[in-house]
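Structure first, then comments.
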Amino acid sequence: MNLVLPLLLLLRGGEGPLSIAELRRLSKSRRRWVPVLIALPMLISVGLDASRRGARMMEFAPYYQGTYAASMLESLCVWGLLLYAASRRYGPRRWVFKIAFALALTLSFGGQRYFFEQYNAYLNVDVSLFASNFKDSIVNQLGADLPNYLGAIARPSCLALGLLYLGPRLLRPGAYAAGVAQALAPVMLLASLFLPTQNRHVQASVPDMLYTEAIGGLIRTQLGWTEQSDQMRPRLRESASLPLLVADSEDPKRNVLFLILESVRADATCMAYDPDCEKTGHSNVLLPDRVPLRQMRSLASCTAISLSVMWGGIAPTESRDVLHSVPLIFDFAKAAGWDTAFWTSQNMMFGNARLWVRNLGVSQFVSATDLEATSDLDMGAPEHLLATHVNQHIGELKEPFLAVVQFSNVHYPYYVEAEGPQPFQPATTSKAPGDNAHFFNNYLNSVHQEDRHVASIIRHLRSTERGRRTVIIYTSDHGEAFREHGQMGHTFSVLDEEIHVPAWVDAPPGTLSETEREHLESKSDSFSYHPDLTATVLDLMGVWELDAISEHRERMVGHSLLDAGDNEAAMPLTNCAGVWSCAFENWGYMQRNMKLEARAWDHDWHCYDIAADPKEKTNLGTQACAPLYDLAMKSFGKLPGATSVQERNTRRKKLHKRGRRRDKSRGGG
791 MNLVLPLLLL LRGGEGPLSI AELRRLSKSR RRWVPVLIAL PMLISVGLDA
841 SRRGARMMEF APYYQGTYAA SMLESLCVWG LLLYAASRRY GPRRWVFKIA
891 FALALTLSFG GQRYFFEQYN AYLNVDVSLF ASNFKDSIVN QLGADLPNYL
941 GAIARPSCLA LGLLYLGPRL LRPGAYAAGV AQALAPVMLL ASLFLPTQNR
991 HVQASVPDML YTEAIGGLIR TQLGWTEQSD QMRPRLRESA SLPLLVADSE
1041 DPKRNVLFLI LESVRADATC MAYDPDCEKT GHSNVLLPDR VPLRQMRSLA
1091 SCTAISLSVM WGGIAPTESR DVLHSVPLIF DFAKAAGWDT AFWTSQNMMF
1141 GNARLWVRNL GVSQFVSATD LEATSDLDMG APEHLLATHV NQHIGELKEP
1191 FLAVVQFSNV HYPYYVEAEG PQPFQPATTS KAPGDNAHFF NNYLNSVHQE
1241 DRHVASIIRH LRSTERGRRT VIIYTSDHGE AFREHGQMGH TFSVLDEEIH
1291 VPAWVDAPPG TLSETEREHL ESKSDSFSYH PDLTATVLDL MGVWELDAIS
1341 EHRERMVGHS LLDAGDNEAA MPLTNCAGVW SCAFENWGYM QRNMKLEARA
1391 WDHDWHCYDI AADPKEKTNL GTQACAPLYD LAMKSFGKLP GATSVQERNT
1441 RRKKLHKRGR RRDKSRGGG
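The numbering of the sequence shown is the numbering used here, which starts it at 791 and goes up by one.
See below:
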């Protein structure tokens, strides 16, 4: 029975059946509600979007206004057809469409609400394409936060059920119309999984259609239809528990500010004070007494792997489970009673990073979408916003504290403010081989501009009383290649343009003992690695030598820069690890000045003496790196890009040739 009928009967006093005229008026009244009901899901989606980011939507450029309008039309078609198909009052197929409508609307509306409440941005295809492991990316996330997710989908599920209740009573589709809707609805729903709507960071689309495209991206990845298929990405971390750590009472009280740049190579900065420094001149003049670490290497040129090494102190060759469970510097700090903060301009939507940092447990956290909701997926939020945020909130941390600030604007395509200083000329954004030198200048301008914001944080901190008790550690997650060995960017090799990174430590008077300062200064030109920074941070906390962390310390591969001696260990280098698998295999080993490396397209290993050949032009042959070769085979099992069988055959040939040479030297035939 129509919902309006009881009301009309009540108004008429319930006297007899309705007249023909009254039935016509009733039918006409019902028809007026048909377009409203059909459009209601789309209108609600737009209304919810406006309540979350209305000011941002008003700033859409005309092009993005057009894409948003197109997505509204798409939303209207998807939900209208599904609801119409589900509103048939008889026939078994209507139940299929009722279930499809209820599930799709509940998950898309509720899922976006849940995602936006956490990240101030919507789930979109950029995120889902990296979710190559369904269990790690979705199941683990929901398992850790199921009550909140259920709360987010509660209202949308009620909305879906309400619409399904009203549909048969107001829409009342005929057999032919319902049949057409039931034929078109699956096509439209399927199309929504693949129609491009997101416009990357602008997200100029209604949230429900962003969601359906994101699900389409996840499906394509699972089916192996994208370049991200079968690639590993970070998952939710669960750090092993630590006991209460009581620092050595003889250690001076000090805070730690850890500055981590993005994609900045060693030769793009001034590590030691230089009165003529232009590349990073803003920070250069502030800390003339800093201690440079000129030979610092990352163990990877991939941010996810680099951070797992830098914060956990372990080798990148550890298992996926270990990389997602070892305590990080934040965990040690909390166990020692330190306050903690992690502030980053990086967009945590990239590559499941949001999951990896979700359980850091810091007292203060901010990421790109908190600073600017439309922040770029690659370059993140503008760093003046990050610097402003850090300067406003660092004073709220209780001493002692560990604060990590991660920058991102020098990630390709290298953020360069048009009105900002650009001292390196001529500069271009063209990546053409003939423009390489000018493109490198564009990169240097990006580094130079970012340094203004690094300097802003340093200047502010050093102007405060707590700043006089704070040790600053500075490095980059990895470097950047500019065709030195025929490639550009990062993650494609462990050659020095990608892993030789800037590093320095600035410790105000009184924050280090005389012995610690002597040991630190002695390492200015010694080969050191990111795990050494992990050990140094723990040493600054006064917990590095505690028996309580001996189990974790044994797994770490770093050597504190405040201790005597250098790190003499052989370090595995790889861009293929349990937090990030690589598109092209590349790995190797490094020990002091010797490096063994290879890439997927190489036919053999390369061995370099970096001290004598810093540009890595002269391959000394595998025999010159024989100990590193044995370690590489033990860790990786093969030459990058080769099958294990190919590597074994290559090794047999080498051993055979070596044996023939020995025979000849002994006078054999």
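Where a beta carbon is used, it is the ideal one built from N, C-alpha and C, also for glycine.
GLN1159 bridges to which residues according to DSSP?
In the sequence under discussion, the amino acid at residue 1159 is Thr, which differs from the Gln named in the question. In DSSP, THR1159 forms no bridge with anything.
Would you call HIS1268 buried or exposed, if buried means 16 or more other Cβ atoms sit within 10 Å of its Cβ?
Buried, since its Cβ has 16 or more Cβ neighbours within 10 Å.
Starting from PRO1362, trace the alpha helix (DSSP H) in both directions and tell me its first and last residue.
Segment 1361-1364 is the beta strand (DSSP E) holding PRO1362; no alpha helix (DSSP H) there.
Touching or not, the stretch 1331-1350 and the stretch 1120-1128, by the rule of three or more beta carbon pairs under 8 Å?
Touching, per the Cβ criterion.
Sorted by chain position, which residues of the same chain lie with C-beta nearer than 6 Å to CYS1092's C-beta, five sequence neighbours on each side aside?
Counting only Cβ-Cβ distances below 6 Å, and skipping sequence neighbours, we find THR1281, ASN1365 and TRP1370.
Can you name the start and end residues of the alpha helix (DSSP H) that TYR858 belongs to?
TYR858 -> alpha helix (DSSP H) spans 852-876.
With DSSP as the reference, please indicate the residues paired to ILE1487 in a beta bridge.
Residue coverage of the chain in this structure runs from 791 to 1459, which leaves residue 1487 outside it and unanswerable.
In chain order, what residues of the same chain lie with their CB nearer than 8 Å to the CB of ARG1002, ignoring the 5 residues before and after it?
Just to set this straight, residue 1002 is Thr in the shown sequence, not Arg. Taken in chain order, the residues that qualify are VAL868, ALA894, SER898, LEU979, SER982 and LEU983.
In the DSSP assignment, find the alpha helix (DSSP H) that holds GLY1355 and state where it starts and stops.
Where GLY1355 is concerned, there is no enclosing alpha helix (DSSP H), given that its DSSP letter is neither H nor E.
Ignore the nearest five residues each way along the sequence and tell me which others in ALA967's own chain have a CB closer than 8 Å to its CB.
Cβ neighbours of ALA967 beyond the five flanking positions: TYR874.
Put HIS1396 into one of helix, strand or coil per three-state DSSP.
Looking at HIS1396 - three-state DSSP - the assignment turns out to be strand.
Does the distance from the CB of SER1236 to the CB of ASN1181 come in under 9 Å?
The answer is no: Cβ separation not under 9 Å.
In terms of DSSP beta bridges, what is SER1318 paired with?
According to DSSP, which records beta bridges pairwise, SER1318 is partnered with MET1086.
Compute the Euclidean distance between the alpha carbons of HIS1290 and GLY1257, then round it to the nearest angstrom.
Distance between the alpha carbons of HIS1290 and GLY1257: 29 Å.
Using the beta-carbon count (16 or more within 10 Å), is SER1019 buried or exposed?
Note that SER1019 has pLDDT 46, beneath the 50 cutoff, so the model's placement of it is unreliable and no number is given.
In angstroms with no decimal places, state the Cα-to-Cα distance between TRP1395 and GLY941.
Taking the straight line from one Cα to the other gives about 55 Å.
Buried or exposed for LEU1008, please, with buried defined as at least 16 other CB atoms from any protein chain shown within 10 angstroms of its CB.
Label assigned to LEU1008: buried.
Answer with buried or exposed for ALA994, where buried requires no fewer than 16 other C-beta atoms within 10 angstroms of its C-beta.
Looking at its Cβ environment, which holds 16 or more other Cβ atoms inside 10 Å, ALA994 is buried.
Looking at ARG1259: is its Cβ nearer than 9 Å to the Cβ of ASN1226?
Taking 9 Å as the Cβ cut-off, ARG1259 and ASN1226 do not qualify as a contacting pair.
In this structure, does DSSP put ASP1168 in helix, strand or coil?
ASP1168 falls in the coil class under three-state DSSP.
Pull the bridge partners of PHE1367 from the DSSP assignment, please.
For clarity, residue 1367 is Ala in the given sequence; the question names Phe instead. Paired residue(s): TRP1370.
ILE1050 and MET1086: beta carbons closer than 9 Å?
Result no, Cβ atoms of ILE1050 and MET1086 do not sit closer than 9 Å.
Would ALA1177 and SER1246 qualify as a contact pair, given that the criterion is a beta-carbon distance under 9 Å?
Yes, Cβ-Cβ distance for ALA1177 and SER1246 is below 9 Å.
Quick one: residues in its chain with C-beta nearer than 6 Å to the C-beta of PHE1230, no 5 flanking neighbours on either side, listed in chain order?
Taken in chain order, the residues that qualify are PHE1272.
For VAL1194 and VAL1081, I'd like the C-alpha separation in whole angstroms.
So the alpha carbons of these two residues sit roughly 19 Å apart.
Can you find a CB in chain C that lies within less than 9 Å of the CB of HIS1320?
No chain C is part of this structure, which consists of one protein chain only.
For CYS948, does the count of other Cβ atoms within 10 angstroms reach 16, so buried, or fall short, so exposed?
Its Cβ having fewer than 16 others within 10 Å, CYS948 is exposed.
Quick check: GLY1378 and ALA1432, are their CB atoms within less than 9 Å of each other?
Cβ atoms of GLY1378 and ALA1432: not closer than 9 Å.
So, at 8 Å on beta carbons, what are the nonlocal neighbours of PRO1417 in its own chain, with the 5 sequence-adjacent residues on each side left out?
ALA1360 and GLN1381.
Only counting the same chain, and skipping five residues up and downstream in sequence, which positions put a Cβ closer than 6 Å to that of ASP1168?
For ASP1168, where only same-chain residues beyond five positions count, the Cβ hits under 6 Å are HIS1201.
Can you confirm whether the stretch 873-890 touches the stretch 956-972 when touching is taken to mean that 3 or more C-beta pairs between the two stretches lie within less than 8 Å?
Result yes; three or more Cβ-Cβ pairs closer than 8 Å.
ALA894 by DSSP, collapsed to three states: which one?
ALA894: helix per DSSP, three-state reduction.
Let me know if VAL1435 comes out buried or exposed under the rule of 16 or more other beta-carbons within 10 Å of its beta-carbon.
Model confidence at VAL1435 stands at a pLDDT of 46, short of 50, so the residue's coordinates are unreliable; what they give is reported in the following sentence. So VAL1435 counts as exposed.
Does the Cβ of TYR853 have 16 or more other Cβ atoms within 10 Å, making it buried, or fewer, making it exposed?
It is exposed - the Cβ of TYR853 has fewer than 16 other Cβ atoms within 10 Å.
Quick check: the stretch 1150-1164 against the stretch 1130-1138, are at least 3 beta-carbon pairs closer than 8 Å?
Contact between the stretch 1130-1138 and the stretch 1150-1164 is present, because at least three Cβ pairs lie under 8 Å.
Let me know the secondary structure DSSP gives THR1278 once reduced to three states.
The amino acid occupying residue 1278 in the given sequence is Met; Thr does not appear at that position. Reduced to three states, the DSSP call for MET1278 is strand.
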